[in-house]
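2 protein chains.
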Amino acid sequence: MPHANRPGEFELIRRYFAPLAAGCAGALSLTDDAAFVTQRDGQDLIITTDAVVEAVHFLAADPPDLIARKALRVNLSDLAGKGAVPFGYVMDLCLPDAIDEAWIAAFAGGLAADQAEFGVQALGGDTTRSPGPLMIAITALGNCPTGRMLLRAGARVGDDVWVSGTIGDAALGLMVQRGGLTEIDQAERAMLRRRYLCPEPRVRLGPLLINCAHGACDVSDGLAADFGHIAEASRVAIRIEAAAVPLSAAATSALANHPDLMVEIISGGDDYEVAFTAPPESRADIAQIARETETRITRIGVVAQGRGVSVLDRAGFPVTLQKSGYTHF
Amino acid sequence: MPHANRPGEFELIRRYFAPLAAGCAGALSLTDDAAFVTQRDGQDLIITTDAVVEAVHFLAADPPDLIARKALRVNLSDLAGKGAVPFGYVMDLCLPDAIDEAWIAAFAGGLAADQAEFGVQALGGDTTRSPGPLMIAITALGNCPTGRMLLRAGARVGDDVWVSGTIGDAALGLMVQRGGLTEIDQAERAMLRRRYLCPEPRVRLGPLLINCAHGACDVSDGLAADFGHIAEASRVAIRIEAAAVPLSAAATSALANHPDLMVEIISGGDDYEVAFTAPPESRADIAQIARETETRITRIGVVAQGRGVSVLDRAGFPVTLQKSGYTHF
Chain A
632 MPHANRPGEF ELIRRYFAPL AAGCAGALSL TDDAAFVTQR DGQDLIITTD AVVEAVHFLA
692 ADPPDLIARK ALRVNLSDLA GKGAVPFGYV MDLCLPDAID EAWIAAFAGG LAADQAEFGV
752 QALGGDTTRS PGPLMIAITA LGNCPTGRML LRAGARVGDD VWVSGTIGDA ALGLMVQRGG
812 LTEIDQAERA MLRRRYLCPE PRVRLGPLLI NCAHGACDVS DGLAADFGHI AEASRVAIRI
872 EAAAVPLSAA ATSALANHPD LMVEIISGGD DYEVAFTAPP ESRADIAQIA RETETRITRI
932 GVVAQGRGVS VLDRAGFPVT LQKSGYTHF
Chain B
632 MPHANRPGEF ELIRRYFAPL AAGCAGALSL TDDAAFVTQR DGQDLIITTD AVVEAVHFLA
692 ADPPDLIARK ALRVNLSDLA GKGAVPFGYV MDLCLPDAID EAWIAAFAGG LAADQAEFGV
752 QALGGDTTRS PGPLMIAITA LGNCPTGRML LRAGARVGDD VWVSGTIGDA ALGLMVQRGG
812 LTEIDQAERA MLRRRYLCPE PRVRLGPLLI NCAHGACDVS DGLAADFGHI AEASRVAIRI
872 EAAAVPLSAA ATSALANHPD LMVEIISGGD DYEVAFTAPP ESRADIAQIA RETETRITRI
932 GVVAQGRGVS VLDRAGFPVT LQKSGYTHF
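Protein chains in written order, with the numbering used here: chain A, 632 to 960; chain B, 632 to 960.
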């Protein structure tokens with residue numbers, strides 16, 4: 632079916648998506664039905680997939696380049712949390728009729744910028760019509776040394792508990808996006824909103840953790856929920872000190888006005904940091920990795936015998952978490 | 632968000648999708664954020680992706696097991712057309728609220744049956760809510776000997792032109808599905824409709840063609856359109872004899888009543904057969920592969936100097952194709 636708003640599928644691919652595959656000979660300029668990639672010996676293929684849907688994960692009015700970048704970055708973050716080095720991705724794009732060529736050009740521009748930033752290539756895709764919302768499904772591919780992918784199930788009793796970056800900015804950014812947190816500084820509000828709209832996957836950090844981390848994943852469901860996943864898979868208890876959770880200046884400002892925002896910060900999700908556990912003898916290595924990647928990495932708790940995750944206040948009492956992790960479902 | 636109709640995301644995965652990953656240790660029972668697969672030396676990874684959308688590619692009332700099977704099979708067909716042996720897939724499933732647990736159980740049952748039939752495993756996925764149509768995006772993964780993936784660009788002047796199975800059944804099946812072709816036999820109508828609803832990807836055949844085929848792809852856009860893709864990528868002309876195109880008994884019956892259906896048969900698409908070219912010295916090998924796989928493989932034309940695809944009638948005159956290939960876009 633032709634659309635007044637945009638060229639046909641083949642022409643869209645030629646103009647906007649084939650250039651995204653130019654760096655990979657096996658992607659055949661997206662002119663074939665599949666791509667080939669020669670894998671290096673001693674490497675496992677690591678695969679993850681995540682879809683984002685209009686009105687569920689983003690709004691139609693969001694900037695198209697940021698929609699594209701977030702759709703890609705949530706997948707790159709999954710790979711980072713597994714210690715994998717990403718090399719490419721495929722994308723299924725289901726486009727409502729209202730999407731025009733300018734939108735697609737901006738969307739592809741976002742992907743091009745992120746490909747350059749994170750060293751990945753488009754390997755293939757499918758573009759089809761959606762009679763409803765815009766949907767973007769991305770499958771990202773990476774490599775790890777054979778048998779070394781970081782697992783949720785790797786945490787051991789006695790490990791330190793670590794997290795990269797700062798936590799809660801995206802959850803607070805969503806509140807800003809919805810018109811909340813008006814009492815804090817304009818620049819801080821803009822930073823929080825940006826963290827919500829465009830996460831920074833820890834693509835460099837993740838693979839460096841392979842030799843020291845035991846259990847790991849990225850923080851997407853929320854700090855407490857994702858350490859809960861690690862605790863459950865590893866059959867251990869994880870205790871997090873609320874006061875140790877790393878916060879941005881903006882989150883600190885917000886929290887000063889509303890101490891109960893701590894629940895949002897710890898449960899809110901969309902942080903796309905790396906959560907991991909590691910033995911105490913790895914502290915010097917982790918400090919070195921933090922310097923090398925210029926990434927804040929903070930020790931926030933311990934792994935103990937037992938089950939489940941608990942977040943403790945300064946007095947050692949459990950913080951009540953109203954929700955156990957954000958789910959879009 | 633909880634749904635009255637079905638359990639939450641984690642429970643759905645545990646009940647219905649984790650069992651689909653039981654055959655692959657690296658899929659970690661779908662309890663982690665990514666899967667790992669150790670690749671064998673000397674093999675390339677082959678990747679393809681296709682999405683299907685309710686009201687575009689299927690109807691909400693179609694049987695859920697067939698929706699699942701078609702979504703998977705169109706991807707397996709792409710791999711077959713590239714000569715790849717499939718090993719797994721990941722799936723993004725965007726579910727409208729109206730989808731209930733019984734639907735999901737039937738859908739997963741269709742996938743389980745096809746996994747057993749085609750030797751593939753679920754490696755991962757993402758389940759999310761759709762505020763609109765049901766959408767299923769599948770990325771399928773396979774292997775080929777390094778550098779040997781069959782390309783659209785491989786056809787050479789002097790090659791024979793071949794196609795597997797019979798052509799046009801799915802296009803006629805769609806007409807049956809829409810209430811047409813009432814004059815032909817009930818059993819034949821049922822066969823055509825089944826070919827439309829559930830294609831038979833040539834998973835065994837494709838990899839056997841690696842040593843004889845030059846240019847290849849599966850027939851999804853239509854026989855003429857897909858040989859057009861091969862001709863364009865290979866910079867050759869492809870001539871197909873309309874009278875040689877292999878037809879089922881049902882298609883022959885339909886054509887006897889309506890000779891103009893030949894255009895639908897050649898242009899209709901959704902055949903999911905393998906279209907390929909091969910040098911004349913491969914005829915004996917191809918006959919042997921046909922016997923071995925119990926697959927009809929028919930020589931329907933030649934590759935010549937020039938550009939484009941032409942379909943010729945018995946007198947050698949070009950058949951006018953009203954459309955150049957079906958597109959869902």
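Every residue, glycine too, gets a C-beta built ideally from N, C-alpha and C.
Which class does N706/A belong to by DSSP, given the choice of helix, strand or coil?
-> Helix.
3 or more residues per run - each beta strand (DSSP E) lying fully within the region 701–745 of chain B | For the region 701–745 of chain B, whole beta strand (DSSP E) runs of length 3 or above, ordered along the chain, are 716–726.
Exposed or buried, what is T908/B when buried is set at 16 or more other beta-carbons lying within 10 Å of its beta-carbon?
-> With a threshold of 16 other beta carbon atoms within 10 Å, T908/B meets it and is buried.
Indicate whether the contact test is met: 3 or more Cβ pairs, each with one atom in the region 914–929 of chain B and one in the region 790–800 of chain B, closer than 8 Å.
-> yes
For D664/B, write down the residues that DSSP places opposite it in a beta bridge.
-> DSSP output for D664/B lists no bridge partner at all.
Spatial distance of D603/B from A882/B (CA atoms) | Nothing about residue 603/B can be read from this structure; chain B reaches only from 632 to 960.
Quick one: grab the DSSP three-state call for R826/B.
-> In the structure shown, R826/B adopts helical secondary structure according to DSSP, grouped into three states.
Cross-chain neighbours of C655/B in chain A, by beta carbon under 7 Å = C655/B does not reach chain A, its nearest Cβ partner there being about 11 Å away, counting only Cβ pairs nearer than 7 Å.
Mind checking N706/A: buried by the 16 CB within 10 Å criterion, or exposed?
-> buried
Thinking just about the alpha-carbon of each residue, which of D757/A, V940/A, A656/A, I815/A is nearest to the one in A682/B?
-> D757/A
Could you name the residues of chain B that V684/A contacts, counting a contact when the two beta carbons are closer than 9 Å?
-> C725, T759, R760, S761, P762, G763, M766
Alpha carbon of V687/A to alpha carbon of R760/B, nearest angstrom | Spanning the two alpha carbons is a distance of roughly 7 Å.
In the DSSP assignment, find the unbroken beta strand (DSSP E) run with F641/B in it and report its ends.
-> It is not in any beta strand (DSSP E) - F641/B instead sits in the alpha helix (DSSP H) that spans 640–643.
For the putative contact between D741/A and L805/A, defined by C-beta atoms under 8 Å, what is the C-beta separation to the nearest angstrom?
-> Per the sequence presented here, residue 741/A reads as Gly, with Asp not at that position. G741/A to L805/A, Cβ: 20 Å. No contact.
Nearest neighbour of A771/A, chosen from L676/A, L878/A, A784/A [CA to CA] = Distance from the Cα of A771/A is smallest, within the candidate group L676/A, L878/A, A784/A, for L676/A.
What residue range is occupied by the uninterrupted beta strand (DSSP E) comprising D681/B?
-> D681/B -> beta strand (DSSP E) spans 674–684.
Along the alpha helix (DSSP H) that carries T883/B, what are the first and last residues, could you check?
-> 880–888
Excluding five sequence neighbours on each side, which residues of the same chain lie with their C-beta closer than 8 Å to the C-beta of R700/B?
-> G741, L742, A744, D745, C829
In this structure, what does DSSP give as the bridge partners for F689/B?
-> E685/B
With 16 other CB atoms within 10 Å as the buried threshold, where does N774/A fall?
-> buried
Can the beta-carbon of D791/A be found closer than 7 Å to that of H845/A?
-> no
Status (buried if at least 16 other CB within 10 Å, exposed otherwise) for E895/A = By the neighbour-count rule (16 or more Cβ atoms within 10 Å), E895/A is buried.
Other residues of its chain near C848/A: CB distance less than 7 Å, five sequence neighbours each side excluded | G712, R783, D857, H860, I861, A906
Using a beta-carbon distance cut-off of less than 9 Å, what residues from the region 711–735 of chain A approach chain B?
-> G712, K713, A715, G719, V721, M722, D723, L724, C725, L726, P727
Short Cβ contact (7 Å threshold) for T813/A with P877/A | Contact annotation: T813/A and P877/A have beta-carbon atoms that are not nearer than 7 Å.
Using Cβ-Cβ distances below 7 Å, what residues of the region 889–903 of chain A are close to chain B?
-> none
Ordered along the chain, which non-local residues of its own chain (more than five positions away) have a Cβ less than 6 Å from that of G937/B?
-> Taken in chain order, the residues that qualify are A868.
Between the beta-carbon of Q752/A and the beta-carbon of G778/A, is there less than 7 Å?
-> In this structure, Q752/A keeps its C-beta atom at 7 Å or more from the C-beta atom of G778/A.
Using a Cβ cut-off of 7 Å, which residues of the region 679–706 of chain A contact any Cβ in chain B, in chain order?
-> T679, T680, D681, A682, V684, A686, V687
Identify the contact partners of Q670/B in chain A, using a Cβ-Cβ distance below 7 Å as the criterion.
-> Contact of Q670/B with chain A by beta-carbon distance below 7 Å involves Q670, L676.
Report yes or no: is there a C-beta of chain B within less than 7 Å of the C-beta of D663/A?
-> yes
Any chance the region 657–668 of chain B sits against the region 664–680 of chain A, with 3 or more Cβ pairs inside 8 Å?
-> yes
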